[in-house]
Every structure is written in structure tokens, then in C-alpha cells.
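S.K.:
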Amino acid sequence: MASITLKNIYKKYDHDVTAVEDLNLEIKDKEFIVLVGPSGCGKTTTLRMVAGLEEITQGELYIEERKVNDVAPKDRDIAMVFQNYALYPHMTVYDNMAFGLKIRKMSKEEINDRVINAAKILGIEEYLKRKPRALSGGQRQRVAIGRAIVRDPKVFLMDEPLSNLDAKLRNEMRTEILKLHKRLNTTFIYVTHDQTEAMTLGDRIVIMKDGVVHQVDTPQNVYENPSNVFVAGFIGTPQMNFFEAELKCEDDNYFVLFNGHTINLSKEYIEKFKSQNVKSQLITLGVRPECITITDKSQDSYEVNVDVSELMGNEMLIHSRINDNKIIIRSETRYDIKTDHKINISLKWDKIHMFNKETGINLKM
Amino acid sequence: MILSDISKIENKNKDKKAIDVKSHKLNKSKLFIIIMLAWPVAHWLVFTLFMNLQTLVYSFQRLNRFTGKMRFAGTENYMELFEKIINNTASYGIAFRNTFLWLGLNVLVIVPLSLVVAYVLSKKIPFHRFFNAVLFIPNIISIVILTMVWSFAWAPNQGLVNELLTRLGLEHLTRVWLGDPKSALINVFVYCVWAGIGFNNLILSGAIAKIPKEILESAELDGISNWQEFIHIVIPSVWPTICTVTILGATAAFRVFLHPQLLTNGQYGTSTIALKVVEEVLAGGSYGLASAAGITMAVLGYIAVSIIKKFLDKREKEWS
Ligand SMILES: Nc1ncnc2c1ncn2[C@@H]1O[C@H](COP(=O)(O)OP(=O)(O)OP(=O)(O)O)[C@@H](O)[C@H]1O
Ligand SMILES: [Mg+2]
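The listed protein sequences correspond, in order, to chains A and B. Going by the working numbering, the first sequence wraps up at 377, each residue one higher than the last. Going by the working numbering, the second sequence wraps up at 308, each residue one higher than the last.
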């Protein structure tokens, strides 16, 4: 049980590679925090700094109230699960889990109790005498998690623990990890580049890019109120659709010029913009694929050409274009919509997102 | 001798391959294999099989000095050898003992020491590159020059060591290091350690560097000390490499003759059976005795290496 605070953390590698820049994060006790972002954004580096495997170039790291910048990894009371499991190949599964405890001079009985207990939780009792070599990827992953569990650490760190598993197993393990978190009731920091994993696992999600944190919030908020274009595009599959548009402010009234149409905004937006004194500007319009509906032809609808239609079973994805802008529409399955058909669509204007074209910042923020 | 045993086994396998190949349709890649194997197979037939067989035959023959012909002599050569060893005639006993001391030196001193050195240097201590290079130098300079430099350093007059001792006021400790039965063998051993670590260090360093970083980090999080890491992680991880360098060291022990020959000319209790063989042959004459000694050491070496290998394999099984 521990809260973790990262204060203005920087990590610079040799040759002036800045892997993490001015990272601020307060992780509450027992929280499940997920670090997510594209490859090379500094997730692993951040995790390793918390673990103590990587030196912190600048800034302060606290576990509970204790500053741990210079505390050795073994004294931080954390356990880490590595992406490639990092099991000791020459030890049995049992010894792999027991090793850390032996090093800490725990009694044989206590070690045995803990290992057996962890093996039960993870369902790996039958494999205790085997070497890692003789296990499947999923089983190895469990052993790696077991090795962390027996330590009963204050903080669990996991670096893409599921990325080497196939899709089905990944889904299974995802639920297991959720259960595990409930059961162990400790702080988890979990790194992934898979936004589905992030959305389903995290109490809060930290979205990073190029070493900078772009948003820290609950999955729902991140989805509904992305702080900028990057977050909006990163979270959600298929990706949010983006268009160029213009926001006009005239006589205390706001409206959007898009593709020859003038759209009046809802009261909510207008109030917000007024209070923030938002000016007329070029904007990036963001519309999630499910916020576009297929309608009959009307004054507010756009006629588009179906480039590709993908049947997913319970729903379908339609790829199309508005003025050379790619657009993806998510709709309930309709077998009458085929490639090269013309359909009419309309946008749910109360669900759109508006970002400053230059800075990418959400105007509602 | 032992090495030739190993190469025998290897070459046998190669022969088999060559035969398999012929029974199949000849295509380009198979032709390539045959061509590539032709030389080693021929080499093996001439220099390993033929020469070893000849040595075996010689060991049961004696040269008639008057007629210049070989005659069958039964076990006479072997008997003479055993007698000489038991009675220490012409230092044969000491040479025999030394051969096994060298086995101990190579297996129990040089390999463990190299491992420790390789581990310490793997920790990227200051100047580790420099140390690695210095340790490897003996492997790229001719042994003749190395032993010469070594002899100079330990020379009785104006040698570096004695000079140093004198300067430090420890004159009573100075001695004729390489010409004194009390210190000569130890001195040659020290030379062998100095010259031998570099090669093992190179190979073991490579193996240690290949241990996955995450495994060491895992261990670090488990709260392991350097010593525990060395014992519980590093040694098991590089055990196959340790086996290799140990076996190489063990077989080499039965072939040692250059070091004592160049440093002390085999005097002052530093000779080995291999050196005795060389001396017998160079002195001209006792090919029979030399062959018998060679065959005897080959057999003893085979037994010794087998025992060592058994011990190593037991661990290997446990750890793999
Ligand atoms: N040891 C190192 N030396 C120099 N640069 C490094 C080192 N480790 C990482 N980096 C750089 O730091 C940046 C962040 O790396 P990091 O491994 O944290 O990314 P990541 O978010 O975990 O990516 P991925 O999803 O691919 O694992 C990258 O640009 C990487 O090239
Ligand atoms: Mg990573």
C-alpha cells in the first residue's frame, strides 16, 4: 500500500536524448495507473525510474512520504514484471518464485506458504517443478507475476506484461490482472501501448508522447474529453475523424463553418466559449466514428461515397471521404450498404470535439 | 593427443555426413559440402589417424641402434617408462607429478580465477577495457618473447623483482627464481596463470555479457548482492562456457611443454611428461619410449577429462 508522487521528473540519456520531460504525477494508494502511448514515448523509462533501475536525471520521486531518488531498488519495496518475463532459466518455477524470499532470509515454511498460495491464485501449481523452458508463454507470464506476488510488495510495476501473448490469452489475462489487483489491493503501475488494455484496466490513464504527459484522467474522461488532438486520436478505435473547420464568433454567438454548412453550437459550448472568451479561429473538428449516423437526404446531411465497408458482425465500419478527408463511420450492420454506394450521413453536433488548429488543444478545456 | 581424440570424434561425424551426401542426388550445395570437407578429412586421415596409429605401433617397438631398424619389443617401452616414473629416473617421476599439477592448475586455479576476473570486469569498473586488453596481450605475442621478458623480470641480477626487493630492503628474499628448485615450479605456474587468464577471460566475458539484462535486473529487485549474483545467476548462466574452457584447460595440461622448456629448460623440477617426450625425440633414439609415454598420457588424459566432464555435465543437467 503506497502512494507514489513524481515531481518534475526528467530523464536524459547520454547524447542528449530526453526520454522523459517534466513529468508530474500523483498516484494514489491502491490505484491502478496505466501508462500508455506510442512506442518510444518514455513509458518504460518512467517505470524503470520508479523501480530504481534507471537514475532520475532531475526531479523528485516519493513512495509514500519518503523521497526515494537515491534508494536502492531492493529497498523500495516494489516488484516488477518484465515484458519478456525475465525468469531465471536455470531454476524451477518454485525456485523462481522463492528466490527473492530466500535472499531476504525468510523462513522455509513462510516461503513455502507464500509460493503455494501464489501458485494457487495463478493456477500454476502443477508446474512448480518445471523449468521455465518447459512452459508456454502464458504460463511463464503467470510465473513472472507469481514472483512479484510472493514478495507482497507495496507497488506492482508491470511493463507490457501481455504483449507477448496471443489475442485470446491476452483478454483472459487482462481480466485476471484486474482480479489480482482487487485481491492484492496494492498500487499498480502498468505500462502498455495498447489503448484497449489501458481503457479496461486503468483507474486512471496517463497518456504520453515523446516523453511528455498529455493527459491524466479516468478512461471515461479521456475518451469523452480528450485534452488535445493527440489524445483524441490515440484513444478509441477506429480513430476519431478529424476535419478542418472554422469557428466564428459573432455578437456573442458561436457557430462552425464546415464544408459549406453553418452549424449552430449547443448552449453548453456557447456558455463555455463565452466564459473563456474564445475568439474566431481555424479549428480541427473531431468526430468519433459512432457519432456519425446514416440518414435520409436532408438539408444537414452530407452525401458521401462508400469506399470500403467492413462487416464486423455486430456492427460495420464504413470508410469514406468528405472533401478528400478520410472518414470512418461506425454503424449497425446493414447489408444493403456496399462499396461505391452513395449514402447520406449527418454528424451528432452535440458530441463533436473542437481543437485549436495550431496548438491542438481542446477548446472546451 | 587428447585434442586429436576430440578431433577424431568430430571428423568421424563429418565422414558420416559425407557418406549421407553421396547417397542422395548430387546438387550444388552438396557438392559444396563435399569440397569443403575434402581437405579436413584428408588432413585428419594423414595427420591424426595415421600418425596416432603409428605412435601406437612405435610404442611396442624399439630401434636397433646398430641396424637402424625397428624391432617388436612387446611392453618393454611401457615397463621402462613406469620404472622411470616410479624411481624418478631422469626426473620422470617429477615430470609425471607435474603433469597432474598442471591439470589442477588449469582446472582449479586458472578457470575460477578467469571467471572472477571476467565477472568483476563485467561490472564496468574503471579502466575495464584497459584491463581486458592487458590480460589478452599474452595471446597475441609470441610465447618465446613473453617467456624471455618474464625471465628478465625474474633474473637473479638486475631482474625487476630482485631489484625491487632490494630497494625495499628485503634483500634476504631475493633468489635465483627460475634456477632454484624451491621457487622454479611455482614461478612457472605463476607465469602460466598470468598468460592463461586472458584467453579464458575473453570467452567468459562474452558469455557473461550475453546474460539478459532483465534477468540481472530482476535479481537486483530481488535484493541480491554481487556475491549472490555471481553464485546464483552468473555461474549457472554461463556454465556451458565454463565447461568448455575447463575441458580445453584440462586437455591442454597434458600437452604442456613449451613453458617449462623456455623458462627453465625443464630443469629444477619443472619438467612434464610432454617435455620428456620432446626431449627423448630431440635427443634422437628412444622413439619407442617417447611413443609409450605419449600413449600412456593420452589414456590417462582421456580418463581424467572424462571424469571432469562427468562432474561438469551433472551440474549442466541441473541447470538447463
Ligand atoms: N539506454 C538508453 N540510452 C539512450 N536512449 C534510450 C535508452 N533507453 C531508452 N532510450 C530512448 O528513450 C526514449 C524512451 O524509451 P522507452 O523505452 O521508455 O520507450 P517506451 O515508451 O517504453 O517504448 P516501447 O513502447 O517501444 O517500449 C526512446 O526514444 C529511446 O530511444
Ligand atoms: Mg517499453
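Where is the CB? At the ideal position from N, CA and C, for every residue including glycine.
Chain A beta carbons: is any one of them nearer than 8 Å to that of Val9(B)?
M.R.: Because the pLDDT of Val9(B) is 49, which lies under 50, any placement of that residue in the model is unreliable, and the number read from its coordinates should be weighed accordingly. It does not: the Cβ of Val9(B) has no partner Cβ on chain A nearer than 8 Å.
S.K.: I want to check one thing, is the minimum distance from the CB of Asp264(A) to the heavy atoms of ligand 2 below 7 Å?
M.R.: It does not: the Cβ of Asp264(A) is nowhere closer than 7 Å to a heavy atom of ligand 2.
S.K.: Does the structure place the region 195 to 208 of chain A close enough to the region 35 to 52 of chain A that three or more beta carbon pairs sit under 8 Å?
M.R.: They touch, by the three-pair rule.
S.K.: With C-beta atoms as the reference, is Glu122(A) less than 8 Å away from Ala131(A)?
M.R.: It is not a contact, given that the beta carbons lie outside the stated cut-off.
S.K.: Assuming Ser47(B) contacts Ala280(B) under a Cβ cut-off of 8 Å, what Cβ separation, rounded to an integer in Å, is found between them?
M.R.: The Cβ separation is near 4 Å, so the contact holds.
S.K.: Per DSSP, Glu315(A) forms a beta bridge with which residues?
M.R.: In the DSSP output, where bridge partners are listed per residue, Glu315(A) has Asn356(A).
S.K.: Name the chain B residues that come within less than 9 Å of Tyr100(A), Cβ to Cβ?
M.R.: Correct list: Ile203, Ser206, Ala207, His220, Ile221, Pro224, Ser225.
S.K.: Is Ser55(A) near ligand 1, with its Cβ less than 7 Å from a heavy atom?
M.R.: Checking the sequence shown, residue 55(A) turns out to be Lys, not Ser. At least one heavy atom of ligand 1 is nearer than 7 Å to the Cβ of Lys55(A), so yes.
S.K.: Verify the contact flag: Asp318(B), CB atom, against every heavy atom of ligand 2, threshold strictly below 7 Å.
M.R.: As shown, chain B starts at -11 and ends at 308. That puts residue 318(B) outside it, with no answer to give.
S.K.: Hey, could you find the ends of the beta strand (DSSP E) Gln227(A) is sitting in?
M.R.: From DSSP, the beta strand (DSSP E) with Gln227(A) extends over 224 to 229.
S.K.: What is the DSSP secondary structure of Val9(B), counted as helix, strand or coil?
M.R.: Per-residue confidence for Val9(B) stands at a pLDDT of 49, beneath the threshold of 50, marking its modelled position as unreliable; the derived number appears in the next sentence. Val9(B) falls in the helix class under three-state DSSP.
S.K.: Leaving out five residues before and five after Pro224(B) in sequence, what residues of the same chain have Cβ atoms less than 7 Å from its Cβ?
M.R.: Cβ neighbours of Pro224(B) beyond the five flanking positions: Trp307.
S.K.: Within its chain, find whatever has a CB closer than 6 Å to the CB of Phe255(A); leave out the 5 residues flanking it on each side and keep chain order.
M.R.: Closer than 6 Å at the Cβ level, and outside the excluded window around Phe255(A), lie Leu297, Asn337.
S.K.: Under a Cβ-count criterion, where at least 16 other Cβ atoms within 10 Å of its own Cβ denotes burial, should Arg116(A) be classed as buried or exposed?
M.R.: Arg116(A) comes out exposed.
S.K.: Quick one: which unbroken alpha helix (DSSP H) runs of 4-plus residues sit fully inside the region 117 to 175 of chain B? Chain order, please.
M.R.: If we require 4 residues or more, the alpha helix (DSSP H) runs fully inside the region 117 to 175 of chain B come out as 131 to 141, 148 to 155.
S.K.: What span of residues does the beta strand (DSSP E) with His391(A) cover, start to end?
M.R.: It is not possible to answer for residue 391(A), since the shown part of chain A is limited to 13 through 377.
S.K.: Quick check for students: name the residue ranges of the alpha helix (DSSP H) that lie wholly in the region 215 to 284 of chain A, counting only runs of 4 or more.
M.R.: Those alpha helix (DSSP H) runs which fall completely within the region 215 to 284 of chain A and span 4+ residues are 231 to 236, 241 to 246.
S.K.: Which residue comes first and which comes last in the alpha helix (DSSP H) that contains Gly298(A)?
M.R.: Segment 293 to 299 is the beta strand (DSSP E) holding Gly298(A); no alpha helix (DSSP H) there.
S.K.: Buried or exposed: where does Ile73(B) fall if 16 or more other Cβ atoms within 10 Å of its Cβ makes it buried?
M.R.: Buried: at least 16 other Cβ atoms inside 10 Å.
S.K.: Less than 7 Å separating the Cβ of Tyr100(A) from some heavy atom of ligand 3?
M.R.: Ligand 3 is not part of the structure shown, which contains ligand 1 and ligand 2 as its ligands.
S.K.: Tell me whether Glu327(A) sits in a helix, a strand or coil according to DSSP, three-state version.
M.R.: Glu327(A): strand per DSSP, three-state reduction.
S.K.: Among Ser274(B), Ala278(B), Leu158(B), Gly254(B), which has the Cα closest to the Cα of Val265(B)?
M.R.: Val265(B) has its Cα closest to that of Ala278(B), out of Ser274(B), Ala278(B), Leu158(B), Gly254(B).
S.K.: Glu344(A) and Glu327(A): beta carbons closer than 8 Å?
M.R.: The answer is yes: Cβ separation under 8 Å.
S.K.: For Asn276(A), count the other beta carbons within 10 Å of its own beta carbon; 16 or more makes it buried, fewer makes it exposed. Which is it?
M.R.: Result: exposed.
S.K.: Going by alpha carbons, who is nearest to Phe60(B) out of Ser110(B), Tyr179(B), Asn75(B), Leu44(B)?
M.R.: The shortest C-alpha separation from Phe60(B) is found at Leu44(B).
S.K.: How about Gln216(B): is its C-beta nearer than 8 Å to some C-beta of chain A?
M.R.: With 8 Å as the cut-off, Gln216(B) counts as an interface residue toward chain A.
S.K.: Check whether the region 232 to 252 of chain A and the region 362 to 372 of chain A touch, using three or more Cβ-Cβ pairs below 8 Å as the test.
M.R.: Output reads yes: the region 362 to 372 of chain A touches the region 232 to 252 of chain A.
S.K.: Determine the direct distance from the alpha carbon of Leu181(A) to that of Gly150(A), and round the result to whole angstroms.
M.R.: C-alpha separation (whole angstroms): 7 Å.
S.K.: Label Ser193(B) either buried or exposed according to how many other C-beta atoms from any shown protein chain fall within 10 Å of its C-beta, with 16 as the threshold for buried.
M.R.: Buried, because 16 or more other Cβ atoms sit within 10 Å of the Cβ of Ser193(B).
S.K.: Could you tell me which whole beta strand (DSSP E) segments of length 3 or greater appear in the region 68 to 104 of chain A?
M.R.: Those beta strand (DSSP E) runs which fall completely within the region 68 to 104 of chain A and span 3+ residues are 70 to 75, 90 to 93.
S.K.: Whether or not the region 195 to 213 of chain B and the region 244 to 252 of chain B are in contact is what I'm after, with contact meaning three or more pairs of Cβ atoms, one per stretch, closer than 8 Å; do they touch?
M.R.: Touching, no, given that fewer than three Cβ pairs across the two stretches are closer than 8 Å.
S.K.: Please report the residue range of the alpha helix (DSSP H) in which Met67(B) lies.
M.R.: That run of the alpha helix (DSSP H) goes 64 to 75.
S.K.: Going by DSSP in three states, Ile136(A) sits in which element: helix, strand or coil?
M.R.: Ile136(A): coil per DSSP, three-state reduction.
S.K.: Can you name the residues that DSSP bridges to Thr305(A)?
M.R.: Answer is Ser358(A), bridged to Thr305(A).
S.K.: Taking its Cβ as the centre, do 16 or more other Cβ atoms sit within 10 Å of Ala160(A), making it buried, or is it exposed?
M.R.: Per the 10 Å Cβ criterion, buried.
S.K.: Which whole-angstrom value describes the C-beta separation of Ile203(B) and Ile221(B), a residue pair presumed to lie in contact below a C-beta threshold of 8 Å?
M.R.: Indeed they touch by this definition, with Cβ atoms about 7 Å apart.
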